[in-house]
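What follows is a set of notes on a single structure, which appears directly below.
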Amino acid sequence: MKSTQALAIVLLSLLLTWAGQVALGYFQVGKLEPVINEETNLREPPTPSGLAQTGARVFASEGCLECHSLSVRGPSGSPDLTRGWGERRSVSRDYLFREPALVGFSRIGPDLSNIGNRIKEPKDLMMHLYNPRNLKTTSTCPPHPWLFEMKLAGPKHESESLPIPRKDWKQVIPTYQAKALVAYLQSLNLNYSLPEAPLK
3 MKSTQALAIV LLSLLLTWAG QVALGYFQVG KLEPVINEET NLREPPTPSG LAQTGARVFA
63 SEGCLECHSL SVRGPSGSPD LTRGWGERRS VSRDYLFREP ALVGFSRIGP DLSNIGNRIK
123 EPKDLMMHLY NPRNLKTTST CPPHPWLFEM KLAGPKHESE SLPIPRKDWK QVIPTYQAKA
183 LVAYLQSLNL NYSLPEAPLK
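In the working numbering, the protein residues as written are 3 to 202.
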């Protein structure tokens, strides 16, 4: 009889803990709304494009979260802000329109929550995806050549081909998945101020 009561108490405490976590999350995050920038009259955080939302799924499927986080941590003067990973810390409101809300925790590579502000040129991101060592010889990021197609070059290279010299007369063309992934990475930008996380 005592063991049944003890088991019931343990199960009840686990249930209450779980319910408390769900309720706490709902009250902290569930009612968050975007804010309107009074200067631009635009919503912040901005809504990512459909292509960027597709890119989030490519990002997840390629396993990028195994090495990168998407959350600038800490107050002013923290290591993340000192490294230039963001101009302010990430907060719950930043993930309102991110479906799925990818956060990650691994820091093998740099945090990417503000990569769209750090690398503005899509071609630079494409070059990194094709072979990260083309831009940074010490990069530990694996290349993603399967996100690109090799096409025979005509009299002129296609405008979206990567500037990679090849001896076989072929050009490197990004696939739809590569374009979506780059659109997602460019949408990762913390250059707006929020009430709970103002810009410096």
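All C-beta atoms, glycine included, are put in the ideal place defined by N, C-alpha and C.
Under three-state DSSP, which class holds residue i?
i: E35; result: coil
i: L104; result: coil
i: A10; result: helix
i: F99; result: coil
i: L192; result: coil
i: R45; result: strand
i: E89; result: coil
i: A185; result: helix
i: A199; result: strand
i: L16; result: helix
i: S161; result: coil
i: G22; result: helix
i: K4; result: helix
Can you tell me the Cβ-Cβ gap for residue i and residue j, rounded? I've got them flagged as a contact below 8 angstroms.
i: N136; j: M129; result: 5 angstroms
Measure from the alpha carbon of residue i to the alpha carbon of each residue in the options, then state which is nearest.
i: Y97; options: P47, E68 and I121; result: P47
i: Q188; options: L16, K172 and S115; result: S115
i: S92; options: R75, V37 and G65; result: R75
i: N43; options: Y194, S73 and K181; result: Y194
i: I121; options: P147, G86 and G22; result: G86
i: K202; options: A21, P145 and P77; result: P77
i: L104; options: T56, I175, R168 and P197; result: T56
i: P176; options: L67, G88, S163 and I117; result: S163
i: G156; options: V174, S141 and T139; result: V174
i: E35; options: S94, S51, K138 and L9; result: S94
i: H146; options: A180, D82 and T84; result: A180
Note the first and the last residue of the continuous beta strand (DSSP E) segment covering residue i.
i: P176; result: K172 to P176
i: K127; result: Per the sequence shown, residue 127 should be read as Leu rather than Lys. Note, L127: premise wrong, no beta strand (DSSP E); alpha helix (DSSP H) at P124 to Y132.
i: E68; result: Segment: none, E68 is in no beta strand (DSSP E) and carries neither H nor E.
i: E151; result: F150 to L154
Rounded to the nearest angstrom, what separates residue i and residue j at their Cα positions?
i: P124; j: D113; result: 18 angstroms
i: R203; j: C69; result: Residue 203 lies beyond the residue range present for the chain, which begins at 3 and ends at 202; the question has no answer from this structure.
i: L17; j: Q7; result: 15 angstroms
i: E151; j: S71; result: 28 angstroms
i: N119; j: L190; result: 8 angstroms
i: L53; j: S5; result: 56 angstroms
i: S73; j: L14; result: 34 angstroms
i: A199; j: G79; result: 14 angstroms
i: R45; j: P197; result: 13 angstroms
i: A21; j: A62; result: 29 angstroms
i: L154; j: N39; result: 48 angstroms
i: P167; j: H159; result: 11 angstroms
Got a sec, what are the start and stop residues for the alpha helix (DSSP H) residue i sits in?
i: L83; result: P81 to T84
i: L206; result: A query on residue 206 cannot be resolved here, the shown segment of the chain reaching from 3 to 202 and no further.
i: R120; result: I117 to R120
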